[in-house]
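Trainee: Handing you this structure, nothing more for now.
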Amino acid sequence: MKTIFRILAVITAALLAYGFVQAIFIAPTEATMGDVQRIFYYHLPSAWVAFLLFFVNFLASSWYLIRRSPRADALALASAEVGVSFCTIVLLTGPIWARPVWGIWWTWDARLTSTLVLWLIYVSYLMLRHYATGGQIPVLAATLGIFGFVDVPIVYMAIRWFRTQHPQPVIGGGEGSGLAPAMWVAVLWNLLAFAMLALLFVWLRYLQALAEHSLEEEHAQASLEMGEAR
Amino acid sequence: MTTEAMSTKATRTEAIGTAPGFWSIARRSLVKDLRLEWRSKDAINSMLFFALLVVVIFSFGFDPTAEESRKIAGGLLWVAILFATVVALGQTWTRELRNQVLDAYRLSPAPPQALFLAKAVGNFIFVSILEVLMVPLFVVFYNLRSVGPLWQLLVVGLLATWALVVNGTFFAALSIRTRSREIMLPLILFPISIPALLAMVDATTSILTGDNSPIFWIRLLAVYDLVFTAVSLILFEVVLSAE
Numbered sequence: 001m002k003t004i005f006r007i008l009a010v011i012t013a014a015l016l017a018y019g020f021v022q023a024i025f026i027a028p029t030e031a032t033m034g035d036v037q038r039i040f041y042y043h044l045p046s047a048w049v050a051f052l053l054f055f056v057n058f059l060a061s062s063w064y065l066i067r068r069s070p071r072a073d074a075l076a077l078a079s080a081e082v083g084v085s086f087c088t089i090v091l092l093t094g095p096i097w098a099r100p101v102w103g104i105w106w107t108w109d110a111r112l113t114s115t116l117v118l119w120l121i122y123v124s125y126l127m128l129r130h131y132a133t134g135g136q137i138p139v140l141a142a143t144l145g146i147f148g149f150v151d152v153p154i155v156y157m158a159i160r161w162f163r164t165q166h167p168q169p170v171i172g173g174g175e176g177s178g179l180a181p182a183m184w185v186a187v188l189w190n191l192l193a194f195a196m197l198a199l200l201f202v203w204l205r206y207l208q209a210l211a212e213h214s215l216e217e218e219h220a221q222a223s224l225e226m227g228e229a230r
Numbered sequence: 001m002t003t004e005a006m007s008t009k010a011t012r013t014e015a016i017g018t019a020p021g022f023w024s025i026a027r028r029s030l031v032k033d034l035r036l037e038w039r040s041k042d043a044i045n046s047m048l049f050f051a052l053l054v055v056v057i058f059s060f061g062f063d064p065t066a067e068e069s070r071k072i073a074g075g076l077l078w079v080a081i082l083f084a085t086v087v088a089l090g091q092t093w094t095r096e097l098r099n100q101v102l103d104a105y106r107l108s109p110a111p112p113q114a115l116f117l118a119k120a121v122g123n124f125i126f127v128s129i130l131e132v133l134m135v136p137l138f139v140v141f142y143n144l145r146s147v148g149p150l151w152q153l154l155v156v157g158l159l160a161t162w163a164l165v166v167n168g169t170f171f172a173a174l175s176i177r178t179r180s181r182e183i184m185l186p187l188i189l190f191p192i193s194i195p196a197l198l199a200m201v202d203a204t205t206s207i208l209t210g211d212n213s214p215i216f217w218i219r220l221l222a223v224y225d226l227v228f229t230a231v232s233l234i235l236f237e238v239v240l241s242a243e
């Protein structure tokens, strides 16, 4: 296990370095936005990885409720924590890009708003995990994980309609459709690197959560035995 | 899975003999809550006074003309109701903690969904009473006169209240299991309720100003209600029996 982890870590470091070179030096400079557009190579991979991890959280939460396996709970916790971290990167890199390009830090545009709401939902999930007590945490968290995931399509519909009804306060020009092939290379390399990085983090956190769980079990067992000895 | 669980429960209760059915349990539980509330008036009083305070503070914060207030009243009204609802929801389950009533529920063969429905309907009634008393206050304080049809407001009101109450009742059951439960409830309720809040505020504003059709928002609220009523009923048993 440890050697596999180390090998993966080295590969991830190499991929991140290569992705950095691709994004900063090799990808062509965007015609109108200039160099600030390069933040996109970190913005988009983080977003996709975060959404993927939230989906993993939903699967792990459902699995926990069906099987009550501590492994599923550990995976749910790990994916939510790492997902929130990557989602935070998305919400931070977005405004840094938007300020020079749109002229404003933030706008209540459909995609920005739904990402923010998603972030809020999963932060509240982590808060519940933090405040819940003892052995009830996994069950309570799993139910909230399912509620959160079920909410996502409704949030998306609501905010899209909300935004199409009101006039856009922004000068158009999202990144979207017209991406040059050379830019795609940088996007894909960084996507791979970020996915690997997320996998490593989730794995590490998963093992830690499992270790925590078995440690608590041992403590409980030990205190039971001490009670019996008396 | 739930129907299966319910049917096994039904056979179990039939074996005992005179055990009551699903709706009978729900009705009795609801009547008990209403009677308790009628005698103590804990939820209604605290909600009403809290909502009144919010309305007064809002009107200090904004000083709108009649035209402006039509545009912002939907938002203010629902934010005030949301805050007041949280005050009432917090008391839903804490009442059952005294004398280990909740543990008794867990041990009894009564279907947990019946208990959940009774609590949710009870909260729905309390919040509806609050709204009936609050709306005239808003009309007076903010000089409101609706441009759109009023019956649509009634539909929005019913759907929106259920949207707040169904998730709120469920999350109140989650949050009594945590440290500092009063803080926890809004922290988990508000993020999930954002689409419903957006829908109720925009629907109300559309009706008051008569600018847009509220039909999309009414549909969204209906979908939200259906989805989360189903999810709550399915998952409530898990939360009730969580150890």
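As they're listed, the protein sequences go chains A and B.
Following my numbering, the numbering of the first sequence begins with 1 at its first residue and continues without gaps.
Following my numbering, the numbering of the second sequence begins with 1 at its first residue and continues without gaps.
Backbone N, C-alpha and C fix where the C-beta goes; we use that ideal spot for every residue, glycine too.
#1: Using only the alpha-carbon positions, how far apart do residue 146 of chain B and residue 105 of chain B sit?
#2: Between the stretch 124–143 of chain A and the stretch 184–203 of chain B, do at least 3 Cβ pairs fall closer than 8 Å?
#3: For residue 21 of chain B, which of helix, strand or coil comes out of DSSP?
#4: For residue 50 of chain B, which option in B:81, B:238, B:29 has the closest C-alpha, if you only look at C-alpha atoms?
#5: Spatial neighbours of residue 33 of chain A within its chain, please: C-beta separation below 7 Å, excluding the five flanking residues on both sides.
#6: How many angstroms separate the CA atom of residue 198 of chain B from the CA atom of residue 158 of chain A?
#7: Name the chain A residues that come within less than 9 Å of residue 159 of chain B, Cβ to Cβ?
#8: How big is the Cα-Cα spacing for residue 248 of chain B and residue 209 of chain B?
#9: Residues of chain A with a CB under 8 Å from the CB of residue 126 of chain B: which are they?
#10: In the DSSP output, what is residue 30 of chain A paired with across the bridge?
#11: Indicate whether the contact test is met: 3 or more Cβ pairs, each with one atom in the stretch 190–203 of chain A and one in the stretch 69–82 of chain A, closer than 8 Å.
#12: Which chain A residues are close to residue 120 of chain B, counting only those with a beta carbon under 9 Å from its beta carbon?
#13: Taking 6 Å as the limit between beta carbons, can you name the residues of its chain near residue 112 of chain B, skipping five residues before and five after?
#14: Would you kindly work out how many angstroms separate the C-alpha atoms of residue 60 of chain A and residue 73 of chain A, rounded to a whole number?
#15: In the stretch 86–117 of chain B, which residues sit with their C-beta less than 9 Å from some C-beta in chain A, listed in chain order?
#16: Within 8 Å of any Cβ in chain A, is that where the Cβ of residue 199 of chain B sits?
#17: For residue 12 of chain A, which of helix, strand or coil comes out of DSSP?
#18: For the alpha helix (DSSP H) that residue 98 of chain A lies in, which residues bound it at each end?
#19: Which class does residue 178 of chain B belong to by DSSP, given the choice of helix, strand or coil?
#20: Is the shortest distance between the beta-carbon of residue 109 of chain A and the beta-carbons of chain B less than 8 Å?
#21: Which residues share a DSSP beta bridge with residue 132 of chain A?
#22: Quick one: give me the first and last residue of the alpha helix (DSSP H) that residue 118 of chain B is part of.
#23: Anyone know if the C-beta pair for residue 179 of chain B and residue 29 of chain A falls short of 8 Å?
#24: Is any beta-carbon of chain B found at less than 8 Å from that of residue 54 of chain A?
#25: Should residue 79 of chain B be flagged as near chain A, meaning a C-beta pair shorter than 8 Å?
#26: CB residue 172 of chain B to CB residue 196 of chain B, shorter than 8 Å?
#27: Under 7 Å Cβ-Cβ, which residues of chain A neighbour residue 180 of chain B?
#28: In angstroms with no decimal places, state the Cα-to-Cα distance between residue 6 of chain A and residue 13 of chain A.
#29: Which class does residue 62 of chain B belong to by DSSP, given the choice of helix, strand or coil?
#30: Just reading off the alpha helix (DSSP H) that residue 25 of chain A is part of, what are its end residues?
#31: What residue range is occupied by the uninterrupted alpha helix (DSSP H) comprising residue 103 of chain B?
#32: Could you tell me which chain C residues have their CB closer than 7 Å to the CB of residue 158 of chain A, listed as they occur along the chain?
#33: Among B:46, B:150, B:159, B:156, which has the Cα closest to the Cα of residue 90 of chain B?
#34: Would a check of beta-carbon distances place residue 35 of chain A closer than 8 Å to chain B?
#35: Residue 223 of chain B touches chain A at which residues, Cβ-Cβ below 9 Å?
#36: In whole angstroms, what is the alpha-carbon distance linking residue 76 of chain B and residue 206 of chain A?
Mentor: In this structure, then:
#1: 46 Å
#2: yes
#3: coil
#4: B:81
#5: 101
#6: 7 Å
#7: Here the premise fails: no neighbours, minimum Cβ distance about 13 Å.
#8: Since the first and last residues shown for chain B are 1 and 243, residue 248 of chain B lies out of range.
#9: Ordered by position in chain A, no residue passes the 8 Å Cβ test against residue 126 of chain B, which lies about 23 Å from the chain.
#10: A:34
#11: yes
#12: Correct list: empty, because the minimum Cβ distance to chain A is about 15 Å.
#13: 236, 237, 240
#14: 7 Å
#15: none
#16: yes
#17: helix
#18: 70–102
#19: strand
#20: no
#21: B:178
#22: 112–142
#23: no
#24: no
#25: no
#26: no
#27: 131
#28: 11 Å
#29: coil
#30: Where residue 25 of chain A is concerned, there is no enclosing alpha helix (DSSP H), given that its DSSP letter is neither H nor E.
#31: 101–107
#32: Note that chain C does not occur in the displayed structure, where the protein chains are A and B.
#33: B:46
#34: no
#35: 154, 157
#36: 44 Å
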